[in-house]
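Asks: Right, I'll just put the structure down here and ask away after.
2 protein chains.
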Amino acid sequence: SVNRNQSFSNRGMTLEEDINATNQYYLTHDICVIHKKPTPVQIVKVDYPKRSAAVIKEAYFKQASTTDYNGLYRGHYLDFEAKETRNKTSFPLHNFHEHQIKHMKDIVKHDGIAFVIIRFKAHEKTYFLDATKLFPIWDRQYLTAGRKSIPHQFIIDEGIEIPTHYPAIVDYIKVIDQLFF
Amino acid sequence: SVNRNQSFSNRGMTLEEDINATNQYYLTHDICVIHKKPTPVQIVKVDYPKRSAAVIKEAYFKQASTTDYNGLYRGHYLDFEAKETRNKTSFPLHNFHEHQIKHMKDIVKHDGIAFVIIRFKAHEKTYFLDATKLFPIWDRQYLTAGRKSIPHQFIIDEGIEIPTHYPAIVDYIKVIDQLFF
Ligand SMILES: [Mg+2]
Ligand SMILES: [Mg+2]
């Protein structure tokens, strides 16, 4: 029941699924080593039934202290967060958490490469935005006149559209090559 | 009820707790940015009670696809696994998983720094062993005459004892400095 008329970026796959598939492709083809971190969970109660695997019976989602993805490309440390929005004209800043921004600032300070991948689902466009372009917008939101979102036009102007093609569905390494090598 | 006669490395803290405290110290003092990855969990059932946080009611532990720790130090990617043993004369290889070794080989191939931290609890000693010294031993275990463990003496000879002092309880960055900078 695959709809063959669906465009590739409109298959109902989430950005996270697309990035995971891309990372798997990168790993298999020895391009880079990037993994998604597991969802952090506070485990409260575990049952250990005889002759079968331990079952977690009570646990809670914890807020992540870092971004979702990190790893290694040509000797360089990469670190990023990926977010998608249904909004058409801007990306709301509340999609990020303060400690994720703090973490990306730490990464930049220690000479790593930090960035965000932002998908506008309505436009079927996925962008790379260097974290150093995000920080001033993030910090400014707390000022009286500060915007609480990143205009789509800013991301078009200051970011780079990520090429989308099979099998590197979100081919962000192409952008890294362009910017850093 | 703190026993003041207990030696520092014998406080009943696990190696993981000691490394987490060290990483927190490193982060606070802007030395490096190393985080433990969350325990990977396969979530099966979640309840969403009204007016309170989502509760995971059924989940299972998954095997990690990478090592437990990674991060960034002076622009270099670091990646390591930490293990402790009660054994006195050798460290059993079954403490590592095949995919962790594969992951560390990937890291070395892409010019990252991969290593293991091994604590012999009986000796109150914690060692740094470069992953490249582990790989041949790991691969050899599958040969007929291959050992299934790393002799303590090999780790003494080929590894480096990690200095243990408050507040950098497992001060592995000192070893990194010595070997790579
Ligand atoms: Mg996230
Ligand atoms: Mg582990």
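Just so you know, the sequences run in chain order Y and F. Numbering follows the numbering used here, with no gaps: position 91 of the first sequence is 352. Numbering follows the numbering used here, with no gaps: position 75 of the second sequence is 336. Cβ coordinates follow ideal geometry from the N, Cα and C atoms, glycine included.
Are the CB atoms of A392/Y and F376/Y within a distance shorter than 7 Å?
Replies: Their beta carbons are under 7 Å apart, which means F376/Y touches A392/Y by this criterion.
Asks: Throw me the rounded Cβ distance for the S313/F and L354/F pair, which I believe falls under 8 Å.
Replies: In fact, because the Cβ distance is near 45 Å, the residues do not count as touching under 8 Å.
Asks: Would I379/Y and K344/Y be called neighbours here (beta carbons separated by less than 7 Å)?
Replies: yes
Asks: Establish whether the CB of D432/F and some CB of chain Y are separated by less than 7 Å.
Replies: No, D432/F does not count as interfacial toward chain Y.
Asks: Using only the alpha-carbon positions, how far apart do Q361/Y and E419/F sit?
Replies: 38 Å
Asks: What are the complete beta strand (DSSP E) segments, minimum 3 residues, inside the segment 322-360 of chain Y?
Replies: With a minimum length of 3 residues, the unbroken runs of beta strand (DSSP E) contained wholly in the segment 322-360 of chain Y fall at 330-334, 337-346 and 351-353.
Asks: If you drop the 5 nearest sequence neighbours on each side, which residues of the same chain put their C-beta closer than 7 Å to that of Y309/Y?
Replies: Correct list, in chain order: A315.
Asks: Evaluate A406/F with the Cβ neighbour count: other Cβ atoms within 10 Å of its Cβ, from every protein chain shown; 16 or more gives buried, anything less gives exposed.
Replies: exposed
Asks: Determine, for G407/F, whether the minimum Cβ-Cβ distance to residues of chain Y falls below 7 Å.
Replies: no
Asks: Under the three-state reduction of DSSP, which class applies to Q402/Y: helix, strand or coil?
Replies: DSSP places Q402/Y outside both helix and strand once states are collapsed to three, so it counts as coil.
Asks: Between which two residues does the alpha helix (DSSP H) harbouring Y287/Y extend?
Replies: L276 to T289
Asks: Is the beta carbon of P299/F sitting closer than 7 Å to the one on P412/Y?
Replies: no
Asks: Would you call E278/Y buried or exposed, if buried means 16 or more other Cβ atoms sit within 10 Å of its Cβ?
Replies: exposed
Asks: If you draw a straight line from the C-alpha of N266/Y to the C-alpha of P424/Y, how long is it?
Replies: Because the pLDDT at N266/Y is just 40, under 50, the model does not fix this residue reliably, and the value given afterwards should be weighed accordingly. If I take the Cα positions, the gap works out to 20 Å.
Asks: Check for me: the alpha helix (DSSP H) holding H413/Y runs from which residue to which?
Replies: H413 to E419
Asks: Using beta carbons (cut-off 7 Å, strictly below), is A343/F in contact with chain Y?
Replies: no
Asks: Against chain Y, does K298/F count as a neighbour if the rule is that its beta carbon must be under 7 Å from one of theirs?
Replies: Interface flag for K298/F against chain Y is set, since a Cβ pair is found closer than 7 Å.
Asks: Are Y334/F and F341/F closer than 7 Å when you measure CB to CB?
Replies: no
Asks: If I'm right that V431/Y touches T283/Y with Cβ under 8 Å, what's the distance once you round it to whole angstroms?
Replies: 5 Å
Asks: Assuming G336/Y contacts D367/F under a Cβ cut-off of 8 Å, what Cβ separation, rounded to an integer in Å, is found between them?
Replies: Actually they are not in contact, since the Cβ atoms of G336/Y and D367/F sit about 13 Å apart, beyond 8 Å.
Asks: Which residues does DSSP list as the beta-bridge partners of D308/Y?
Replies: V316/Y
Asks: Residues of chain Y with a CB under 7 Å from the CB of A392/F: which are they?
Replies: The contacting residues do not exist; A392/F stays about 13 Å from chain Y at best.
Asks: Give me whichever residues DSSP pairs with K386/Y in a beta bridge.
Replies: Beta-bridge analysis with DSSP links K386/Y to F381/Y.
Asks: Under 8 Å Cβ-Cβ, which residues of chain Y neighbour I437/F?
Replies: Result: empty, since nearest Cβ-Cβ is about 13 Å, beyond 8 Å.
Asks: Note down, in chain order, all residues in the segment 311-340 of chain F with a beta-carbon under 9 Å from any beta-carbon belonging to chain Y.
Replies: Per Cβ criterion, the list reads A314, A315, V316, I317, K318, E319, A320, Y321, F322, K323, A325, S326, T327, N331, G332, L333, Y334, R335, G336, H337, Y338, L339 and D340.
Asks: Report all residues from its chain with a CB closer than 6 Å to the CB of N264/F; omit the five preceding and five following residues, and keep chain order.
Replies: Only weak support is given to the placement of N264/F: the predicted model assigns it a pLDDT of 40, under 50, and the question is left unresolved by the model.
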